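Enquirer: Here it is, the structure, as C-alpha cells.
Protein chains: 2
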Amino acid sequence: MSRRPTLKDIARETGVHVSTVSRALDPQKRSSLTEEIVVKIRQAADRLGYRPNRIAFSLRKQKSMTVGVMIPDITNMIFPPIVRGIESVMEPLGYASIIVNTDGDSDRERRLTETLQERGVDGIIHTAVLRSDPNIVEAARQGLPVVTLNRKVEEAEIPYVINDEEAGIRMIFDHLHDHGHRRIAHLAGPRDLSTGLLRREAFCSVARDYGLSADALVIEEASRFEEEEGRRCAKEILSRSPETTAILCANDRLALGAMDYCARNGHPCPDKISITGFNDMPFLDLIPPGLTTVRIEQFDAGATAARLLVQMIDGCDGKVPRETVLPVSLKCRNSVLRIETDH
Amino acid sequence: MSRRPTLKDIARETGVHVSTVSRALDPQKRSSLTEEIVVKIRQAADRLGYRPNRIAFSLRKQKSMTVGVMIPDITNMIFPPIVRGIESVMEPLGYASIIVNTDGDSDRERRLTETLQERGVDGIIHTAVLRSDPNIVEAARQGLPVVTLNRKVEEAEIPYVINDEEAGIRMIFDHLHDHGHRRIAHLAGPRDLSTGLLRREAFCSVARDYGLSADALVIEEASRFEEEEGRRCAKEILSRSPETTAILCANDRLALGAMDYCARNGHPCPDKISITGFNDMPFLDLIPPGLTTVRIEQFDAGATAARLLVQMIDGCDGKVPRETVLPVSLKCRNSVLRIETDH
DNA sequence: CTGAAAGCGCTAACAC
DNA sequence: GTGTTAGCGCTTTCAG
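Protein chains in written order, with UniProt numbering: chain A, 1 to 343; chain B, 1 to 343.
This is the structure we're talking about:
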C-alpha cells in the first residue's frame with residue numbers, strides 16, 4: 001500500500017538530481033548522460049518498481065496520450081470491431097481510448113464532448129450517426145483534432161472516413177437486377193443519419209441509371225435502424241406495392257425485420273421475395289436463409305480513422321486527406337432468388 | 001485555437017486570487033464566500049467558457065476519476081452489455097472508464113495492468129476469464145481497488161461478482177430431465193476459464209444428484225469457447241456415445257457449433273438431439289430452431305461490480321461483500337424435445 | 001471571508 | 001554531463 005515511487009525517490013536513492021533521473025529514463029535523452037550513471041539509475045528504478053506518473057507527464061507536456069472515441073452504442077454489434085481497429089493503432093503508440101456511448105442523444109453528446117475536453121484528450125474519433133452536431137464542430141474549431149467515421153460533416157473541414165455506400169448500393173442493386181429483379185423497393189434508413197440518407201440517394205441514383213423513373217420508386221423509410229421498423233416498413237411495402245419482388249434494405253437489422261415479417265405473412269424469403277442488407281454484421285450466416293449483404297471492413301475503418309487522428313495530433317494536418325473512402329464488397333448468401341425476366 | 005482558460009485567467013478577470021476562484025467554483029466550499037463575489041466569478045467563468053482541467057485536479061488530489069475495465073474482447077457479444085452496465089453507474093459519478101482488451105493473453109494483461117496504473121486509475125474492474133493471473137492480484141495487494149467479474153480469485157481477498165453458474169446448470173439439467181432425457185452429455189468449456197470449470201463441476205454435481213455415476217458421464221472439453229470447438233466436440237460425443245439424446249453445452253457459441261455439426265450429420269436439433277446453451281447472447285432467437293439456454297443479466301453484473309468498486313474507492317472497504325452472486329434464469333426456446341422415458 | 005504560498009510529479013530552459 | 005529553477009493548473013493549509 002506504500003506510495004508509488006517517484007523520480008524524487010530514485011534521485012535520493014542514487015544521489016543525483018531528479019532532472020538527471022528524468023533524462024536517464026527518457027530513451028530520447030539518455031544519450032547525453034554517462035553510461036555509468038544511466039545504468040545506476042535504471043537499476044534503482046527497477047529495484048523500486050518505478051512507474052512513470054502519466055498524469056504529471058500530461059500536466060507538464062499538455063498532452064494526455066488519451067483519445068476520446070464517441071460511438072452511438074457499443075452494444076450495437078457493428079461498433080466493437082471499429083473500437084478494436086482504433087485500439088490496434090492507438091495502443092502501440094501509447095494512447096489510451098476513452099469510449100463513450102452517445103445513444104444518439106445530442107444533449108448527452110454535448111456533455112460527453114465537454115467531459116472529454118476537460119480530461120484533455122488529444123483528439124476525438126467521432127463514430128457518429130447524426131448528420132449534424134454542432135458540439136463536435138465547435139471542438140474542432142477550437143483546435144482539437146477530430147476525425148469522423150461513417151459520416152461527413154458539412155460545416156467544417158473535419159477529415160472523415162466513410163465506406164463507399166454508393167458503390168455498395170450499386171453492387172447490390174446490380175446483383176438484384178442480374179437475378180432478374182425489376183420491382184425493387186427500398187427499405188430506407190432514417191433520413192437524419194448519414195448512412196440512411198446516403199444509401200437512399202444511392203438507391204435513387206442507381207435506379208435512375210437503370211431507367212426507372214423516380215416516381216415509380218417504392219421507398220419506405222424506417223425511423224430507426226431496428227428490426228421492428230423493418231417489419232413495419234416491409235408490411236407497408238407489401239401492401240402498397242404487392243408486385244415487389246425484392247426489397248433492398250438500408251441495413252442488416254432492417255432486413256432481418258423485413259424477412260421476419262415476410263416469412264410470417266406468406267412471403268417467405270427468398271422464394272416469394274428477395275431481401276438484401278447492408279453491413280454484414282456477425283452471425284448473419286447462422287440466420288436462415290442467409291442474408292445477402294454488403295460487407296464493410298469495420299476494423300479497417302477504425303484503424304484508418306485512428307491513423308488519421310494520430311497524424312493530426314502530431315501536427316501533420318497538411319498531409320491528412322479530407323476524405324477517405326473505404327472499399328466495400330458484396331457478400332452473397334441465399335436471400336436473393338433468380339427470377340424470370342418478363343420479356 | 002486559443003488556449004483554454006484557467007483559474008488564473010478568471011482571477012485576473014475578476015481581480016481576485018486564484019484560490020478564491022477555486023473555492024467559488026467548488027460547490028462544497030462555495031458557502032464560505034460572499035454571495036456577491038461568487039456570482040461575479042461564476043459569470044466570468046461562464047463568459048470565458050471555463051472548463052476545469054481534470055489533469056491538474058488529478059495530480060493535486062491524487063485521484064484520476066478514471067477506472068480501468070479489463071475484458072477479454074469487446075467483440076465478444078456478451079461484453080458490451082457489461083460495459084454499458086459499468087458505465088451506467090460510473091459516468092453519473094464523474095468517472096471515465098478506460099476499456100482494454102486482454103485477448104486472454106496474460107502477457108498483454110500484465111502490460112495493460114501497468115499502463116492503467118501509470119495512468120493512475122482509481123480502481124479496476126476485471127472481467128476476466130483466466131482463472132489465475134498474478135498481475136491483478138499484485139495490483140490489489142498494493143492497495144488498488146479491484147473487483148472481478150465472472151470469476152473469483154483464490155489468492156487474495158478481492159471482491160467478486162459472479163453469476164449463479166451452479167443454479168443455471170441445475171435449471172437446464174432439470175429441464176432436460178423433465179423432458180425425458182437421461183443420456184445427457186456435457187460439452188464443457190476450457191478448464192482454465194472459471195466459467196468452464198464451474199459449469200463442468202456443476203454438471204457433475206447435478207448428475208450425481210440424479211444418481212448418475214461419475215464414470216458414466218460423457219464429457220468432452222472444448223479448448224476455446226468457439227463454434228469450431230463446439231463442432232469438434234459434438235462429433236466426438238456422437239461417435240463415443242451414439243445413444244446420447246441431449247448435449248448440455250457450457251455456452252451458446254459451443255452450442256451453436258454443436259448444433260451445426262449435428263444438423264450436417266444426420267442429427268438435426270431438436271428432432272434427433274436436444275442441445276442447450278449458456279449466456280443467452282443477442283440474436284439467439286433468430287437462429288433456428290431457437291436455443292434453449294440460461295439467461296445472464298450482463299448489464300446488471302456490470303452495474304453491480306461498478307457499485308462495489310465505487311464503494312471501495314470511497315474507502316468503505318469494510319462494507320463491501322467479498323462475494324456477490326447474481327441470479328440467472330432459464331430461457332426456453334425450441335432446442336429441447338420431449339422424449340419418451342424408457343420405463 | 002480572502003490572500004499567500006506550497007506542492008502534486010514531471011520536463012525543459014538555462015546555467016555551469 | 002549534470003544541477004538549478006521554474007512552472008503545467010489545480011487544491012489546500014495557514015495567515016490575517
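Glycine included, each C-beta is placed from N, C-alpha and C at the ideal position. As the structure is a prediction and not an experimental result, all values here were calculated from the model.
The UniProt domain "HTH lacI-type" (5-61) of chain A: which residues have C-beta closer than 8 Å to a C-beta of chain B, in chain order?
Expert: Hits within the stretch, in order: 51, 52, 53, 54, 55, 56, 58, 59.
Enquirer: So, residue 38 (chain A) versus residue 30 (chain A), is the Cβ gap smaller than 7 Å?
Expert: Taking the first residue of the first sequence as position 1, residue 38 (chain A) is located at position 38. Taking the first residue of the first sequence as position 1, residue 30 (chain A) is located at position 30. Yes, Cβ-Cβ distance for residue 38 (chain A) and residue 30 (chain A) is below 7 Å.
Enquirer: So which residues of chain B does residue 89 (chain A) contact, with C-beta pairs closer than 9 Å?
Expert: As a first step, residue 89 (chain A) must be located in the first sequence, where it is residue number 89. Result: empty, since nearest Cβ-Cβ is about 14 Å, beyond 9 Å.
Enquirer: Give a yes or no on contact between the segment 93-101 of chain A and the segment 138-152 of chain A, applying the rule of three or more CB pairs nearer than 8 Å.
Expert: No: the two stretches stay apart, fewer than three of their Cβ pairs being nearer than 8 Å.
Enquirer: Give a yes or no on whether the C-beta atoms belonging to residue 189 (chain A) and residue 250 (chain A) are separated by under 7 Å.
Expert: Numbered from its first residue, the first sequence carries residue 189 (chain A) at position 189. Numbered from its first residue, the first sequence carries residue 250 (chain A) at position 250. In contact: residue 189 (chain A) and residue 250 (chain A) (Cβ atoms closer than 7 Å).
Enquirer: Can you say whether residue 208 (chain A) is buried or exposed, counting buried as having 16 or more other CB atoms within 10 angstroms of its CB?
Expert: Taking the first sequence and counting its residues from 1, one reaches residue 208 (chain A) at position 208. By the 10 Å Cβ count, residue 208 (chain A) comes out exposed.
Enquirer: For my contact list, residue 220 (chain A) and residue 185 (chain A) are in at a C-beta cut-off of 8 Å; report their separation, rounded to the angstrom.
Expert: One-based indexing of the first sequence puts residue 220 (chain A) at position 220. One-based indexing of the first sequence puts residue 185 (chain A) at position 185. With 8 Å as the limit, residue 220 (chain A) and residue 185 (chain A) qualify as a contact, their Cβ atoms being about 7 Å apart.
Enquirer: Does the beta carbon of residue 96 (chain B) come closer than 7 Å to any beta carbon on chain A?
Expert: For this step, residue 96 (chain B) is matched to residue 96 along the second sequence. True, the Cβ-Cβ gap to chain A drops below 7 Å.
Enquirer: Taking 7 Å as the threshold (beta carbon to beta carbon), is residue 137 (chain A) in contact with chain B?
Expert: Taking the first sequence and counting its residues from 1, one reaches residue 137 (chain A) at position 137. No - not a single Cβ of chain B is within 7 Å of the one on residue 137 (chain A).
Enquirer: What residues in its chain sit with their C-beta under 8 Å from that of residue 311 (chain A), if we drop five residues either side in the sequence?
Expert: Taking the first sequence and counting its residues from 1, one reaches residue 311 (chain A) at position 311. Here the set comprises 317, 319, 320.
Enquirer: Nearest-angstrom Cα distance between residue 213 (chain A) and residue 166 (chain A)?
Expert: By 1-based counting over the first sequence, the position of residue 213 (chain A) is 213. By 1-based counting over the first sequence, the position of residue 166 (chain A) is 166. Roughly 19 Å separates the two Cα atoms.
Enquirer: Specify, as a first and last residue, the run of the beta strand (DSSP E) that residue 68 (chain B) falls within.
Expert: The sequence position of residue 68 (chain B) within the second sequence is 68, counting from 1. Run containing residue 68 (chain B): 66-71, per the beta strand (DSSP E) assignment.
Enquirer: State yes or no: is the C-beta of residue 227 (chain A) within less than 7 Å of the C-beta of residue 257 (chain A)?
Expert: For the purposes of this step, residue 227 (chain A) is identified with residue 227 of the first sequence, where counting begins at 1. For the purposes of this step, residue 257 (chain A) is identified with residue 257 of the first sequence, where counting begins at 1. For residue 227 (chain A) and residue 257 (chain A), yes; Cβs fall inside 7 Å.
Enquirer: Determine, using beta carbons only, whether residue 119 (chain B) comes closer than 7 Å to chain A.
Expert: If you number the second sequence from 1, residue 119 (chain B) lands on position 119. Closer than 7 Å to some Cβ of chain A, the Cβ of residue 119 (chain B) qualifies, so yes.
Enquirer: Please classify residue 122 (chain A): is it buried, with 16 or more other beta-carbons within 10 angstroms of its beta-carbon, or exposed?
Expert: Within the first sequence, numbered from 1, the residue matching residue 122 (chain A) stands at position 122. Result: buried.
Enquirer: Please compile the residues from chain A whose C-beta is within a distance smaller than 7 Å of the C-beta of residue 304 (chain B).
Expert: Your numbering for residue 304 (chain B) matches position 304 in the second sequence. Result: empty, since nearest Cβ-Cβ is about 18 Å, beyond 7 Å.
Enquirer: Please report the straight-line C-alpha distance between residue 299 (chain A) and residue 33 (chain A), rounded to a whole angstrom.
Expert: Position 299 of the first sequence, counted from the first residue, corresponds to residue 299 (chain A). Position 33 of the first sequence, counted from the first residue, corresponds to residue 33 (chain A). So the alpha carbons of these two residues sit roughly 43 Å apart.
Enquirer: Mind listing the chain A neighbours of residue 345 (chain B)? Cutoff is C-beta to C-beta under 7 Å, in chain order.
Expert: What is shown of chain B runs 1 to 343, which leaves residue 345 (chain B) out entirely.
Enquirer: Pull out every residue of the segment 64-93 of chain A whose Cβ sits closer than 7 Å to any Cβ of chain B, in chain order.
Expert: Answer in chain order: 64, 74, 75, 77, 80, 81, 83, 84, 87.
Enquirer: Output needed for residue 309 (chain B): all residues of its chain with C-beta closer than 7 Å, excluding positions within five of it in sequence on either side, in chain order.
Expert: Along the second sequence, one-based indexing puts residue 309 (chain B) at 309. For residue 309 (chain B), where only same-chain residues beyond five positions count, the Cβ hits under 7 Å are 67, 123, 125, 145, 147.
Enquirer: Are the segment 227-242 of chain B and the segment 174-181 of chain B touching, with three or more C-beta to C-beta distances below 8 Å?
Expert: Segments in contact, no.
Enquirer: Can you give me the C-alpha to C-alpha distance between residue 103 (chain B) and residue 22 (chain B), rounded to a whole angstrom?
Expert: By one-based count along the second sequence, residue 103 (chain B) stands at place 103. By one-based count along the second sequence, residue 22 (chain B) stands at place 22. For residue 103 (chain B) and residue 22 (chain B), the distance between alpha carbons rounds to 43 Å.
Enquirer: Taking any Cβ of chain A, which residues in the segment 258-288 of chain B have a Cβ under 7 Å from it, in chain order?
Expert: So the list reads 283, 286, 287, 288, given in the order they occur along the chain.
Enquirer: Count the other CB atoms within 10 Å of the CB of residue 215 (chain B); is the residue buried (16 or more) or exposed (fewer)?
Expert: The residue labelled residue 215 (chain B) in the question sits at position 215 within the second sequence. Label assigned to residue 215 (chain B): exposed.
Enquirer: Whole-angstrom Cβ separation of residue 333 (chain A) and residue 179 (chain A), contact assumed at under 8 Å?
Expert: Translated into positions along the first sequence, residue 333 (chain A) becomes position 333. Translated into positions along the first sequence, residue 179 (chain A) becomes position 179. Going by Cβ atoms, the distance from residue 333 (chain A) to residue 179 (chain A) rounds to 13 Å, so no, they are not a contact pair.
Enquirer: Taking the C-alpha atoms as reference points, what is the distance between residue 331 (chain B) and residue 140 (chain B)?
Expert: Start at 1 with the first residue of the second sequence, and residue 331 (chain B) comes out as number 331. Start at 1 with the first residue of the second sequence, and residue 140 (chain B) comes out as number 140. Whole-angstrom Cα-Cα distance: 37 Å.
Enquirer: For a contact meaning CB atoms closer than 7 Å, what does residue 99 (chain A) contact in chain B?
Expert: For the purposes of this step, residue 99 (chain A) is identified with residue 99 of the first sequence, where counting begins at 1. Per Cβ cutoff of 7 Å: 99.
Enquirer: Tell me, which residues are paired with residue 101 (chain B) by DSSP?
Expert: Position 101 of the second sequence holds residue 101 (chain B). According to DSSP, residue 101 (chain B) bridges with B:71.
Enquirer: Relative to the ligand COA, is the shortest distance from any of its heavy atoms to the C-beta of residue 265 (chain B) smaller than 6 Å?
Expert: With respect to small molecules bound, the structure shown includes none, and the ligand COA cannot be examined in it.
Enquirer: Quick check: what's the CA-CA separation for residue 7 (chain A) versus residue 117 (chain A)?
Expert: As a working note, residue 7 (chain A) is residue 7 in the first sequence. As a working note, residue 117 (chain A) is residue 117 in the first sequence. Between residue 7 (chain A) and residue 117 (chain A), the C-alpha separation is close to 28 Å.
Enquirer: Got a sec? Which residues, its chain only, sit under 7 Å from residue 88 (chain A) by beta carbon, not counting five neighbours each side?
Expert: Position 88 of the first sequence, counting from 1, holds the residue named residue 88 (chain A). Excluding residues within five positions, the ones whose Cβ falls inside 7 Å are 303.
Enquirer: In the DSSP output, what is residue 193 (chain B) paired with across the bridge?
Expert: What you label residue 193 (chain B) is simply residue 193 of the second sequence in a count that begins at 1. Bridge partners of residue 193 (chain B): B:130.
Enquirer: When we look at the beta-carbon of residue 329 (chain B) and count the other beta-carbons within 10 Å, is it buried (16 or more) or exposed?
Expert: As a first step, residue 329 (chain B) must be located in the second sequence, where it is residue number 329. Per the 10 Å Cβ criterion, exposed.
Enquirer: Helix, strand or coil for residue 328 (chain A)? Go by DSSP, reduced to three states.
Expert: Mapped onto the first sequence, residue 328 (chain A) falls at position 328. Coil, per DSSP.
Enquirer: With H, G and I counted as helix, E and B as strand and the rest as coil, what does DSSP make of residue 261 (chain A)?
Expert: Numbered from its first residue, the first sequence carries residue 261 (chain A) at position 261. In the structure shown, residue 261 (chain A) sits in a helix (DSSP, three-state: H, G or I).
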